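Going by my numbering, 59 is the number at position 61 of the sequence shown; the sequence numbering is gapless.
We treat Cβ as the ideally placed atom computed from N, Cα and C, and that holds for glycine.
Bear in mind the structure is a predicted one, so any value in this text is a computation, not a measurement.
Each remark here refers to the structure printed beneath this line.
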Amino acid sequence: MRFDVVTLFPNMFDDFPEWGVTGRAVECDQVQLNTWNPRDFSADRFGRVDDRPYGGGPGMVMRYQPLADAIDAVKAESSKTAKVIYFSPQGRCLNQLMIEQLAQEDQLILLAGRYEGVDERLIEDYVDEEVSIGDYVLSGGEFAAFVMIDAVIRLLPGVLGNEESAQQDSFSDGLLDCPHYTRPEHINQKAVPEVLLSGHHDNIKRWRFQQMKSRTKARRPELFEQYLLSQAEINN
Ligand code: 4GM
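Following this line, the structure appears as structure tokens:
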């Protein structure tokens, strides 16, 4: 799989190959991670990539031309059909189902904005999906791109090493994960739940499933409602 990130701060992605399982996938060429700096594409005689907003107000807006030319350059050397994703708080909120679908793609072009965002016409002409990673504002889209890249790479076949892991993820069935414990058995009077020491694998499985459901119901009632609806559908 190939990621092409359009960013004013390509250096932010330099160390990616050093980070854990997702980095190893890049290191082993299972994933190609490229960066493109719109500054290199600015046709402006000062190399400007931003300008003042029409209508006034604070901050700057990323200009159409350098971004359009950068995206055209990515597409010219790869796939004309690659999806272009733009990260902004106005986008559709990212979830695991979207990540699973994105992991099926051969290539993603990720546009990381800065300042107040990009000229709206660039979004209309080039962006296939405007995506938000949550209801908060970042100083740039780069960390949103990191989030998506990480979540997608770990689903690629062979990346986690343990194929079961991805299947057992929280959300893979619409529920939060159960609690986990490792040695020692006692910490400050707190013991590991007895069932986990029992060696009774059916009981352990049941207990974990109960924990997943009770935690989801308590912490994320809206997710739990979704889960119940999807179960009802399966049973019909
Ligand atoms: C658009 C407009 C994404 C993008 C202004 C990007 C939050 C998210 C940016 C901007 C971002 C998000 C860059 N902030 N919630 N900042 O996914 O500053």
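The alpha helix (DSSP H) enclosing residue i, as first and last residue numbers
i	result
Leu95	94 to 100
Tyr179	No alpha helix (DSSP H) holds Tyr179; DSSP gives it neither H nor E.
Gln105	Taken as a continuous stretch (DSSP letters only), Gln105 belongs to no alpha helix (DSSP H), being part of the beta strand (DSSP E) at 105 to 109.
Tyr84	Tyr84 -> not in any alpha helix (DSSP H); beta strand (DSSP E) instead, spanning 81 to 91.
Glu122	118 to 124
Lys203	199 to 217
Leu65	62 to 75
Gln23	Per the sequence shown, the amino acid found at residue 23 is Ala instead of Gln. Segment 18 to 25, the alpha helix (DSSP H) holding Ala23.
Glu140	140 to 151
Distance cut-off 6 Å: residue i Cβ against heavy atoms of the ligand 4GM
i	result
Val135	yes
Gly139	yes
Gly111	yes
Pro56	no
Pro87	yes
Ala142	yes
Gly132	yes
Gly159	no
Gly53	no
Gly18	no
Gly115	yes
Distance CB(residue i)-CB(residue j) smaller than 7 Å
i	j	result
Leu108	Ala149	no
Val125	Ala68	no
Gly139	Gly111	yes
Tyr62	Leu120	yes
Val19	Val157	yes
Val47	Asp2	no
Tyr237	Leu173	This structure gives no information on residue 237, because the portion of the chain shown stretches from -1 to 234.
Gln94	Ser76	no
Tyr92	Val129	The sequence shown places Leu at residue 92, not Tyr. Contact flag set, yes.
Gly57	Glu114	yes
Arg0	Gln30	yes
Phe39	Pro64	yes
Met210	Cys176	yes
First through last residue of the beta strand (DSSP E) which encompasses residue i
i	result
Thr33	30 to 34
Glu128	127 to 130
Asp2	0 to 4
Cβ contact (3+ pairs, closer than 8 Å) linking the segment 202 to 210 and the segment 178 to 194: With the cut-off at 8 Å, the segment 202 to 210 and the segment 178 to 194 touch.
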